Amino acid sequence: MNWDVIFGVSLESLLNATMIAYALAAIGLNVHFGYTGLLNFGQSAFLGVAAYGLAMTVSTFDLPFWLGIVIGLVGAVLLALLLGIPTLRLRADYLAIVTIAAAEIVRLLFRSVTLSEWTGGSDGLQRFSDDFYSMNPYSKGLEIGVVNFDERELWVMTVGWLLIALSLLIVFLAMRSPWGRVIKAIREDEDAVRSLGKNVVSYKMQSLILGGVLGSLGGFIFALSRAAVQPDTYGTEFTFYMYTIVILGGAARVFGPVIGSMIFWVLLAFINALLPALISQGYIPTWIMTPIQAGAVGYILVGLGLVLLLIFRPQGIFGDKKEVMLDGR
Amino acid sequence: MADDITTVPPGVARAAEALKDVPHEPGAKKKDPILVADSVVRRFGGLTAVNVGHVEIQRGAITALIGPNGAGKTTFFNLLTGFDRPDEGKWEFNGKPLAGVAAHKVARQGMVRTFQLTKALSRLSVIDNMRLGGTGQKGERFWQSLIPAIWRGQEKEITERADELLARFKLDTKREDFAGSLSGGQRKLLEMARALMVQPDMVMLDEPMAGVNPALTQSLLGHVKSLREDGMTVLFVEHDMDMVRDISDWVIVMGQGSIIAEGTPDTVMADPRVIDAYLGAHHDGTQHDPEAVAEEVGEVAATDESAAPGGSGASADSAAPGDFAAPGGSGASGEVSGEKKAAGADE
Chain S
1253 MNWDVIFGVS
1263 LESLLNATMI
1273 AYALAAIGLN
1283 VHFGYTGLLN
1293 FGQSAFLGVA
1303 AYGLAMTVST
1313 FDLPFWLGIV
1323 IGLVGAVLLA
1333 LLLGIPTLRL
1343 RADYLAIVTI
1353 AAAEIVRLLF
1363 RSVTLSEWTG
1373 GSDGLQRFSD
1383 DFYSMNPYSK
1393 GLEIGVVNFD
1403 ERELWVMTVG
1413 WLLIALSLLI
1423 VFLAMRSPWG
1433 RVIKAIREDE
1443 DAVRSLGKNV
1453 VSYKMQSLIL
1463 GGVLGSLGGF
1473 IFALSRAAVQ
1483 PDTYGTEFTF
1493 YMYTIVILGG
1503 AARVFGPVIG
1513 SMIFWVLLAF
1523 INALLPALIS
1533 QGYIPTWIMT
1543 PIQAGAVGYI
1553 LVGLGLVLLL
1563 IFRPQGIFGD
1573 KKEVMLDGR
Chain H
571 MADDITTVPP
581 GVARAAEALK
591 DVPHEPGAKK
601 KDPILVADSV
611 VRRFGGLTAV
621 NVGHVEIQRG
631 AITALIGPNG
641 AGKTTFFNLL
651 TGFDRPDEGK
661 WEFNGKPLAG
671 VAAHKVARQG
681 MVRTFQLTKA
691 LSRLSVIDNM
701 RLGGTGQKGE
711 RFWQSLIPAI
721 WRGQEKEITE
731 RADELLARFK
741 LDTKREDFAG
751 SLSGGQRKLL
761 EMARALMVQP
771 DMVMLDEPMA
781 GVNPALTQSL
791 LGHVKSLRED
801 GMTVLFVEHD
811 MDMVRDISDW
821 VIVMGQGSII
831 AEGTPDTVMA
841 DPRVIDAYLG
851 AHHDGTQHDP
861 EAVAEEVGEV
871 AATDESAAPG
881 GSGASADSAA
891 PGDFAAPGGS
901 GASGEVSGEK
911 KAAGADE
């Protein structure tokens, strides 16, 4: 068995672009769900809007890269307004219903035949990341032991980790301020906050926009690291993985989403590398699972892990038991 | 909070003086009303929950709003504070129209409420609960919140004020605890203290005694009275008649959505209309047939849902001072004798 590859892939998942994209998305979702108590089940739409905003600007309309970034960010803000204005006055569960539907609408719009002239339909778009990689200061990759990154990966990771640092700084500063106090109080009881003279709807909207914009940074990293956008990557399971990550790391904890994303991807990469190896070596007979089935089993095990986590440690890795967001019982 | 009428020292005398010549009738005009409401109507489908013709609340006094369950007291409260919207009607607070104004703006105008089911913000510390009440905080704006230098000074002032109030409400030892760890009575105290952080002119208390341990009742009563001494106006909904008699300067009685009686506590409690509202109009009916009486009582309880207030109303007539009709919790029995002493002193 090639342990070097198995461990190499696993360790790379601690730092690579996919993990970064999920971490950024989860940082945004943590603002919504962890701090404000907004049940946003459409976080994937924020990433999708940002990724497509960038890709369409550059690839379809041949406009500059930075304009694409601006359009992606503006798109995320508009999506937050669009979702928030009709739902934030209603009870929390309505937001969940509307956001999950909105995310699907966004995905289906991107893959629709009618719009395929601009969005590339179900094939998505490519050739929008050249400007980004032309800024790459690295001329060769990095190889430390079993871990191996090429120079393009290094560049995405550098930018990605800077964005994570910036996002965490913003969340940290905002949540320890009086603004964050209002946000957390809204999570506890909206009416109490309203009775103290705070405009609850406005704060919820600000939270929705902040989390959406942070999530959109993840969308940029996700699209740039693959140099492609495809509509079906921005489906509902994308959002569910983000929830897994937020809960794993500990909701309403500044570093929770980053640690959660690391653990999630290391475990998933390790299992997905280990199982096929075990099968090919004959340690797992093929009547239990074939190498093709091993991928699905990986996700099943991750799901099982999440269930166990919710039962035995509902506050996540960093959470405070007294302040637990989710009660598994 | 700085009210110009605080010149006459004791709030009780001031309130009594202001209400001296006010006729004991529904919709009576007050000398200096802080709140004036006109034809406020709220319907839920076919049911008219609130239909208040005219009511005025005297500034600087403690006014009780009583009535059997389902009389519309809490709905009226919700309307006045912007938590519900009326079908018709208008009202003025400090001379400014408030009908249709959002709840948070009502609070900013100086009318702050508490809730029947206490809304302590469980996973915030007690001091953070208090700080939240501070108004006009620069750090509550998103972009300014990112630069602590902008709001640190103001935060310090707010914290000092919060600490003073916590000491006054004897919650200073709980300062850093999560509000969720407080007892029911302490949560009521916290909610009241937090409301004072807004520096209101008028405090609206929705059943301040509900679910409070009897040992804390007197201290809560004392705090409500101290609001009057500070020049604030208090309007509260309550079922506990002992409390109503003890602290209120004026009582407004609601029945089936409208105001059926007004007056000082003693006159109102002797008013046959009030007794009718609580016990049903025919409560003195067929006394010879025990079965029919039992049936009728059951009927009244079912239609008026008035089993609880009927009970506390009866206890108001028979209870000696110091006996509390408030639903008791467990705990601190050691303090009860001291509380009785305090109750005796208040009588």
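Residue numbers (our numbering), protein chains in the order written: chain S, 1253 to 1581; chain H, 571 to 917. All C-beta atoms in this analysis are idealised placements derived from N, C-alpha and C, irrespective of residue type, glycine included. Small disclaimer: the values here were computed from a predicted structure and weren't measured.
With C-beta atoms as the reference, is Leu567 (chain H) less than 9 angstroms away from Trp820 (chain H)? No information on residue 567 (chain H) is available, as it lies outside the stretch 571 to 917 that chain H covers here.
Taking only beta carbons into account, state which residues of the segment 650-674 of chain H come closer than 9 angstroms to chain S, listed in chain order. Those would be Thr651, Gly652, Phe653, Ala672, Ala673 and His674, in chain order.
Give a yes or no on whether 9 angstroms exceeds the smallest Cβ distance from Thr928 (chain H) to chain S. Outside the shown range of chain H (571 to 917) lies residue 928 (chain H), about which nothing can therefore be said.
Identify the contact partners of Gln1533 (chain S) in chain H, using a Cβ-Cβ distance below 9 angstroms as the criterion. Result: empty, since nearest Cβ-Cβ is about 49 angstroms, beyond 9 angstroms.
Presumed contact (8 angstroms Cβ cut-off) between Gln679 (chain H) and Asn664 (chain H), rounded CB distance: With 8 angstroms as the limit, Gln679 (chain H) and Asn664 (chain H) qualify as a contact, their Cβ atoms being about 7 angstroms apart.
According to DSSP, is Ala871 (chain H) part of a helix, a strand, or is it coil? At Ala871 (chain H), the pLDDT of 44 sits below 50, so the modelled position is not reliable; the number obtained from the coordinates is stated separately. Three-state DSSP puts Ala871 (chain H) in a helix.
Report yes if the CB atom of Ala690 (chain H) is closer than 9 angstroms to the CB atom of Arg683 (chain H), and no otherwise. It is not a contact, given that the beta carbons lie outside the stated cut-off.
Between Pro1430 (chain S) and chain H, is the shortest Cβ-Cβ distance under 9 angstroms, so that the two count as touching? Cβ-Cβ to chain H under 9 angstroms: yes for Pro1430 (chain S).
Decide if Val807 (chain H) is buried, meaning its Cβ has at least 16 other Cβ atoms within 10 Å, or exposed. Counting Cβ neighbours within 10 Å, Val807 (chain H) comes out buried, since at least 16 surround it.
Secondary structure, beta strand (DSSP E): runs of 3+ residues fully inside the segment 800-841 of chain H: Annotation: the segment 800-841 of chain H contains the following complete segments of the beta strand (DSSP E) (minimum length 3 residues), in chain order: 803-807, 820-825 and 828-833.
Could you tell me which chain H residues have their CB closer than 7 angstroms to the CB of Gly1449 (chain S), listed as they occur along the chain? Result: His674, Ala677, Arg678, Thr705 and Val768.
Would you kindly work out how many angstroms separate the C-alpha atoms of Asp1256 (chain S) and Pro1543 (chain S), rounded to a whole number? When rounded, the distance between both Cα atoms is 19 angstroms.
Counting only Cβ pairs nearer than 7 angstroms, list the residues of chain S close to Lys689 (chain H). Correct list: Asp1441, Asp1443 and Ala1444.
Distance cutoff 9 angstroms, beta carbons only. Does Ile1258 (chain S) sit that close to anything in chain H? With 9 angstroms as the cut-off, Ile1258 (chain S) does not count as an interface residue toward chain H.
So, using beta-carbon positions, are Leu1367 (chain S) and Ile1272 (chain S) closer together than 9 angstroms? Between Leu1367 (chain S) and Ile1272 (chain S), the gap from beta carbon to beta carbon reaches 9 angstroms or more.
Within 10 angstroms of the Cβ of Met1387 (chain S), are there 16 or more other Cβ atoms? Answer buried if so, exposed if not. It is exposed - the Cβ of Met1387 (chain S) has fewer than 16 other Cβ atoms within 10 Å.
Within 10 angstroms of the Cβ of Phe1313 (chain S), are there 16 or more other Cβ atoms? Answer buried if so, exposed if not. Classification of Phe1313 (chain S): exposed, given that the 10 Å Cβ count is below 16.
Spell out whether any CB of chain H is found under 9 angstroms from the CB atom of Arg1433 (chain S). Closer than 9 angstroms to some Cβ of chain H, the Cβ of Arg1433 (chain S) qualifies, so yes.
Report all residues from its chain with a CB closer than 7 angstroms to the CB of Val814 (chain H); omit the five preceding and five following residues, and keep chain order. Only Ala634, Ile636, Glu808, Val821 and Pro835 meet the Cβ criterion.
Label Lys1456 (chain S) either buried or exposed according to how many other C-beta atoms from any shown protein chain fall within 10 Å of its C-beta, with 16 as the threshold for buried. Under this definition Lys1456 (chain S) is a buried residue.
Jot down the residue ranges of each uninterrupted alpha helix (DSSP H) in the segment 1355-1437 of chain S, minimum 4 residues, whole runs only, in chain order. Correct list: 1368-1371, 1382-1386 and 1403-1427.
Contact check, Gln628 (chain H) vs Pro596 (chain H), beta carbons under 9 angstroms: No; because the gap between Cβ atoms is not below 9 angstroms, this pair is not in contact.
May I have the straight-line CA-CA distance separating Tyr1535 (chain S) from Phe1259 (chain S), to the nearest angstrom? Tyr1535 (chain S) and Phe1259 (chain S) have their C-alpha atoms some 18 angstroms from each other.
Which word fits Thr1371 (chain S), buried or exposed, when buried means at least 16 other C-beta atoms lie within 10 angstroms of its C-beta? When all chains shown are included, Thr1371 (chain S) counts as buried.
Hey, is Leu1281 (chain S)'s beta-carbon within less than 9 angstroms of any beta-carbon in chain H? Output row for Leu1281 (chain S): interface = no.
Quick check: is the beta carbon of Glu587 (chain H) nearer than 9 angstroms to any beta carbon in chain S? By this cut-off, Glu587 (chain H) is not an interface position.
For Leu775 (chain H), which beta-bridge partners are listed by DSSP? Paired residues: H:Phe806.
Looking at the C-beta of Gln1567 (chain S), does it have a partner C-beta in chain H at a distance below 9 angstroms? By this cut-off, Gln1567 (chain S) is not an interface position.
Just checking: is the beta-carbon of Val1452 (chain S) within a distance shorter than 9 angstroms of some beta-carbon in chain H? Val1452 (chain S) counts as touching chain H.
Residues that Trp820 (chain H) contacts on chain S, provided the C-beta gap is smaller than 9 angstroms: Chain S residues near Trp820 (chain H): none, gap ~24 angstroms exceeds 9 angstroms.
Neighbour list for Leu1425 (chain S) in chain H, Cβ cutoff strictly below 9 angstroms: By Cβ distance, chain H contributes Ser715, Leu716, Ile717 and Pro718.
Just mark Asp816 (chain H) as buried or exposed, buried being the case when its beta carbon has 16 or more other beta carbons within 10 Å. Flag for Asp816 (chain H) reads buried.
Would you please verify whether the beta carbon of Leu1462 (chain S) is less than 9 angstroms from any beta carbon of chain H? With 9 angstroms as the cut-off, Leu1462 (chain S) counts as an interface residue toward chain H.
Cβ distance (whole Å) where Met839 (chain H) is taken to contact Gly642 (chain H) below 8 angstroms: In this structure Met839 (chain H) is not in contact with Gly642 (chain H), their Cβ atoms being roughly 20 angstroms apart against a cut-off of 8 angstroms.
Can you give the Cα-Cα distance for Gly1336 (chain S) and Leu1460 (chain S), rounded to whole angstroms? Going from the Cα of Gly1336 (chain S) to the Cα of Leu1460 (chain S) covers about 7 angstroms.
For Glu658 (chain H), the first and last residue of its enclosing beta strand (DSSP E): That run of the beta strand (DSSP E) goes Glu658 to Phe663.
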